[in-house]
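For the sequence shown, this note's numbering assigns the number 5 to the initial residue and increments by one for each residue that follows. Don't be surprised by glycine CBs; every beta carbon is placed ideally from N, CA and C. The structure displayed is predicted, hence computed values, not measured ones. So the structure is just underneath, and the comments pick up after that.
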Amino acid sequence: MAHRRKLRVHLRKNRSARTRGGDLTRRVIADPEAAADLAAAERLSGKGELSRKRTVVVADVQATAGAGQRDGLGVEPAADGSMRGQVLHVQGLESVVRHPDGSTVRCTTRRLLRTLSTEQRHPVAAGDWVRFLGSGRDGAIQAIEPRRNSLCRSSRGRRHVIVANVDQALIVGSAACPNLKPGLIDRLVVAAEASGIRPIICLNKADLVPPATLVPLAGVYARMGYAVVLSSVATGLGIDRLRHELRGRVTAVVGQSGVGKSSILNALAPELALPVGAVSRDNDKGRHTTTTARLIPHACGGTFVDTPGVRQFQLWEIVPAEVPAAFRDLRPLANRCRFPDCTHTHEADCAVKHAVADGLLDTRRWESCCHLAASASGDGRETETDD
Ligand SMILES: Nc1nc2c(ncn2[C@@H]2O[C@H](COP(=O)(O)OP(=O)(O)O)[C@@H](O)[C@H]2O)c(=O)[nH]1
Ligand SMILES: [Mg+2]
Ligand SMILES: [Zn+2]
5 MAHRRKLRVH
15 LRKNRSARTR
25 GGDLTRRVIA
35 DPEAAADLAA
45 AERLSGKGEL
55 SRKRTVVVAD
65 VQATAGAGQR
75 DGLGVEPAAD
85 GSMRGQVLHV
95 QGLESVVRHP
105 DGSTVRCTTR
115 RLLRTLSTEQ
125 RHPVAAGDWV
135 RFLGSGRDGA
145 IQAIEPRRNS
155 LCRSSRGRRH
165 VIVANVDQAL
175 IVGSAACPNL
185 KPGLIDRLVV
195 AAEASGIRPI
205 ICLNKADLVP
215 PATLVPLAGV
225 YARMGYAVVL
235 SSVATGLGID
245 RLRHELRGRV
255 TAVVGQSGVG
265 KSSILNALAP
275 ELALPVGAVS
285 RDNDKGRHTT
295 TTARLIPHAC
305 GGTFVDTPGV
315 RQFQLWEIVP
325 AEVPAAFRDL
335 RPLANRCRFP
345 DCTHTHEADC
355 AVKHAVADGL
365 LDTRRWESCC
375 HLAASASGDG
385 RETETDD
């Protein structure tokens, strides 16, 4: 499974020895006659004493692990005695890693991995699959597997991975109280698609409206191949289906506040006992948004991602040019527009507008796409979900 290969890596400067000793002055004062020898012996080299590159052997681990493997079930220690586990949470220099037996191990990170990581603030992120050595409560991370996807944030020119390897996003909207906002669901679907994360659309509080009123919208998403669940925490509708969809997966639960996210999580995994009806502190606009992600394993055999920024999709960047590609129903049509950079608004021979006129594309989806492409901004702030 693991293919080993050699890799040349740059080391940070602090890894190389100083070219000359730091105590020259003192030595010259103590023995002025030796000064001539010292000068002759000094070697000047742009590289320092050693090359600042080093060859390391890394193991390429298949990134497409099966569901069982993702859960770390039945994984035996490797030849070097290391275990495979998932990082639940990163706290300063320590990472809390989930051992295959379900216990948690506080791990430090092997120095070489820290050295390799010059791009990122921290080499390990919540959601990373790692190999670690150690028993009981303490361990050390030896290797980090390649990430399948990641949600990132840029800060001072550095990419900061908030959470990696999220399998899917449960996008929750409510039929009423607060009113259904299809535009917001579209926006969250685009953010998920752009990050390579499978969207699941959940229309909650189905008990508050006649079910038939939800069918047209559910149909639009279902026709594109998305999983759509009509649910009600009040009547239990759709809860089994959700449990099935979330089993064995890492799921980010997102949506406007008040739609019933906490209620759904409690219905799926009562042991979580999340406060319901509570306006979470991170909903206050203008407040600093916590970006530390936490993976919460639950009893139905999966993991929820808890990160205020992720919950509100505030940190999910949308690039305007990527918007039409994330609209599954619009994407095949866009290829047939006369202009390759067609914005599907004012251009002639626009296949998208023709499809809307012919009733082949939902008008609301077209409007939603144009609106998102126009409003998407690089810093991701536009994606706030609370209106
Ligand atoms: N009628 C009805 N009310 C619900 C349902 N789900 C949640 N609620 C209520 O909606 C309010 C907000 O729920 P909460 O889970 O805190 O929403 P969150 O902000 O998305 O986490 C609470 O008063 C819940 O009791 C549902 O399916 N039907
Ligand atoms: Mg909540
Ligand atoms: Zn067009």
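task = Report yes if the C-beta distance between residue 112 and residue 92 is below 8 Å; otherwise report no.
result = Position 108 of the sequence shown, counted from the start, is the residue given in the question as residue 112. Position 88 of the sequence shown, counted from the start, is the residue given in the question as residue 92. Result no, Cβ atoms of residue 112 and residue 92 do not sit closer than 8 Å.
message = I'd like the list of long-range same chain contacts for residue 290, defined as Cβ closer than 8 Å, with 5 residues on each side in sequence excluded.
response = The residue labelled residue 290 in the question sits at position 286 within the sequence shown. Below a pLDDT of 50, predicted positions are generally treated as unreliable, and residue 290, at 44, falls in that range; no measurement from the model is reported.
inquiry  = Is residue 266 a contact residue of ligand 5, with contact defined as CB to any heavy atom under 7 Å?
reply    = Within the structure as shown, ligand 5 is missing, the only ligands being ligand 1, ligand 2 and ligand 3.
task = From the DSSP output, read off the bridge partner residues of residue 204.
result = Here residue 204 refers to the residue found at position 200 when the sequence shown is read from its first residue. DSSP output for residue 204 lists 174 and 231 as bridge partner(s).
ask   = Using the rule of at least 16 other Cβ atoms within 10 Å of the residue's Cβ for burial, across every protein chain shown, is residue 373 buried or exposed?
value = As a first step, residue 373 must be located in the sequence shown, where it is residue number 369. Flag for residue 373 reads buried.
key: Through-space distance from residue 252 to residue 72, alpha-carbon basis   = Within the sequence shown, numbered from 1, the residue matching residue 72 stands at position 68. Within the sequence shown, numbered from 1, the residue matching residue 252 stands at position 248. Because the pLDDT at residue 72 is just 36, under 50, the model does not fix this residue reliably, and the value given afterwards should be weighed accordingly. Cα to Cα, residue 72 sits roughly 8 Å from residue 252.
ask   = Where residue 154 and residue 200 are concerned, what is the direct C-alpha to C-alpha distance, given to the nearest angstrom?
value = Along the sequence shown, one-based indexing puts residue 154 at 150. Along the sequence shown, one-based indexing puts residue 200 at 196. Distance between the alpha carbons of residue 154 and residue 200: 9 Å.
message = Could you compute how far the alpha carbon of residue 385 sits from the alpha carbon of residue 323?
response = Against the sequence shown, residue 385 aligns to sequence position 381. Against the sequence shown, residue 323 aligns to sequence position 319. Residue placement at residue 385 is poorly supported in this model, since its pLDDT is 42, which falls under 50; the coordinates still yield a value, given next. When rounded, the distance between both Cα atoms is 12 Å.
request  = Could you pull the start and end residues of the beta strand (DSSP E) that residue 187 belongs to?
outcome  = Residue mapping note: residue 187 aligns to position 183 of the sequence shown, counting from 1. From DSSP, residue 187 is part of no beta strand (DSSP E) but of the alpha helix (DSSP H) over 186 to 198.
query = Roughly how many angstroms separate the alpha carbons of residue 148 and residue 136, rounded to a whole number?
reply = Within the sequence shown, the letter at position 144 stands for residue 148. Within the sequence shown, the letter at position 132 stands for residue 136. About 9 Å.
The segment 272 to 281 contacting the segment 331 to 344, beta-carbon criterion three pairs below 8 Å = no
query = Does the distance from the CB of residue 101 to the CB of residue 143 come in under 8 Å?
reply = One-based indexing of the sequence shown puts residue 101 at position 97. One-based indexing of the sequence shown puts residue 143 at position 139. Yes. Within cutoff.
key: Check whether residue 232 and residue 225 have beta carbons under 8 Å apart   = The residue given as residue 232 occupies position 228 in the sequence shown. The residue given as residue 225 occupies position 221 in the sequence shown. Yes, the pair counts as a contact, with Cβ atoms nearer than the cut-off.
request  = With residue 246 as the anchor, note down where its beta strand (DSSP E) starts and where it stops.
outcome  = Residue 246 sits at position 242 when you count from the first residue of the sequence shown. First-last for residue 246: 243 to 250, but that is the alpha helix (DSSP H), not the beta strand (DSSP E).
message = To the nearest angstrom, how far is the alpha carbon of residue 357 from that of residue 366?
response = To locate residue 357, count along the sequence shown from 1; it is residue 353. To locate residue 366, count along the sequence shown from 1; it is residue 362. Their backbone Cα atoms lie some 11 Å apart in a straight line.
query = In whole angstroms, what separates the C-alpha of residue 216 from that of residue 363?
reply = Looking up residue 216 in the sequence shown gives position 212. Looking up residue 363 in the sequence shown gives position 359. Spanning the two alpha carbons is a distance of roughly 21 Å.
Limits of the unbroken alpha helix (DSSP H) element including residue 111 = For the purposes of this step, residue 111 is identified with residue 107 of the sequence shown, where counting begins at 1. Premise fails: residue 111 lies in the beta strand (DSSP E), 108 to 113, not in any alpha helix (DSSP H).
ask   = Relative to the C-alpha of residue 168, which residue among 309, 220 and 247 is closest?
value = Taking the first residue of the sequence shown as 1, we reach residue 168 at position 164. Closest option to residue 168, Cα to Cα, is 309.
ask   = Which term fits residue 130, buried or exposed, when burial requires 16 or more other beta carbons within 10 angstroms of its beta carbon?
value = Position 126 of the sequence shown, counted from the start, is the residue given in the question as residue 130. Under this definition residue 130 is a buried residue.
request  = Kindly examine ligand 3 and report whether one of its heavy atoms sits closer than 7 Å to the Cβ of residue 352.
outcome  = Taking the sequence shown and counting its residues from 1, the one referred to as residue 352 is at position 348. No, the Cβ of residue 352 stays beyond 7 Å of every heavy atom of ligand 3.
inquiry  = Nearer than 7 Å: is that true of the beta carbon of residue 3 relative to any heavy atom of ligand 2?
reply    = Beyond the ends of the chain as shown, which are 5 and 391, falls residue 3; an answer cannot be given.
key: N-terminal and C-terminal residue of the alpha helix (DSSP H) that residue 182 is part of   = Counted from its first residue, the sequence shown places residue 182 at position 178. Looking at the DSSP string, residue 182 is not in any alpha helix (DSSP H), and its letter there is neither H nor E.
Residue 86 in three-state terms, based on DSSP = Residue 86 sits at position 82 when you count from the first residue of the sequence shown. Three-state DSSP puts residue 86 in coil, outside helix and strand.
message = In this structure, how does DSSP classify residue 323 when only helix, strand and coil are distinguished?
response = The residue given as residue 323 occupies position 319 in the sequence shown. Coil at residue 323, not helix or strand.
request  = For residue 86, collect the residues of the same chain with a Cβ closer than 7 Å to its Cβ; drop the 5 residues on either side in sequence, then sort them by chain order.
outcome  = Position 82 of the sequence shown holds residue 86. Within the same chain, residue 86 has close Cβ partners 135, 136, 137 and 146.
request  = May I ask you to list the residues that DSSP assigns as paired with residue 309?
outcome  = On the sequence shown, position 305 is the one that residue 309 refers to. Residue 309 is bridged to 256 and 299.
query = Secondary structure at residue 282, three-state DSSP: helix, strand or coil?
reply = Here residue 282 refers to the residue found at position 278 of the sequence shown. Correct three-state label for residue 282: coil.
key: Host alpha helix (DSSP H) of residue 271 (start-end)   = Residue 271 sits at position 267 when you count from the first residue of the sequence shown. Residue 271 -> alpha helix (DSSP H) spans 265 to 272.
message = In the DSSP assignment, the beta strand (DSSP E) including residue 135 goes from what residue to what residue?
response = On the sequence shown, position 131 is the one that residue 135 refers to. Element bounds for residue 135: 133 to 139.
message = I want to check one thing, is the minimum distance from the CB of residue 212 to the heavy atoms of ligand 1 below 7 Å?
response = Working through the sequence shown from its first residue, we reach residue 212 at position 208. True, at least one ligand heavy atom lies under 7 Å from that Cβ.
query = Does the Cβ-Cβ distance between residue 156 and residue 176 come in under 8 Å?
reply = Translated into the one-based positions of the sequence shown, residue 156 becomes position 152. Translated into the one-based positions of the sequence shown, residue 176 becomes position 172. No. Outside cutoff.
Pick from 184, 139, 359 and 371 that is closest to residue 327, judged by C-alpha positions = Translated into positions along the sequence shown, residue 327 becomes position 323. The candidate whose alpha carbon is nearest that of residue 327 is 371.
ask   = Are the Cβ atoms of residue 342 and residue 351 separated by less than 8 Å?
value = Locating residue 342 in the sequence shown gives position 338, where the first residue counts as 1. Locating residue 351 in the sequence shown gives position 347, where the first residue counts as 1. Going by C-beta atoms, residue 342 is nearer than 8 Å to residue 351.
inquiry  = Buried or exposed for residue 248, going by 16 or more other Cβ atoms inside 10 Å?
reply    = Numbered from its first residue, the sequence shown carries residue 248 at position 244. With fewer than 16 other Cβ atoms within 10 Å, it is exposed.
inquiry  = For a test of your reading of the model: does the CB of residue 346 fall under 7 Å from any non-hydrogen atom of ligand 3? Yes or no.
reply    = Here the question's residue 346 lines up with position 342 in the sequence shown. Yes, Cβ of residue 346 sits closer than 7 Å to a heavy atom of ligand 3.
ask   = Is the distance from the Cβ of residue 311 to the Cβ of residue 297 below 8 Å?
value = Stepping through the sequence shown from its first residue, residue 311 is reached at position 307. Stepping through the sequence shown from its first residue, residue 297 is reached at position 293. Closer than 8 Å, so yes.
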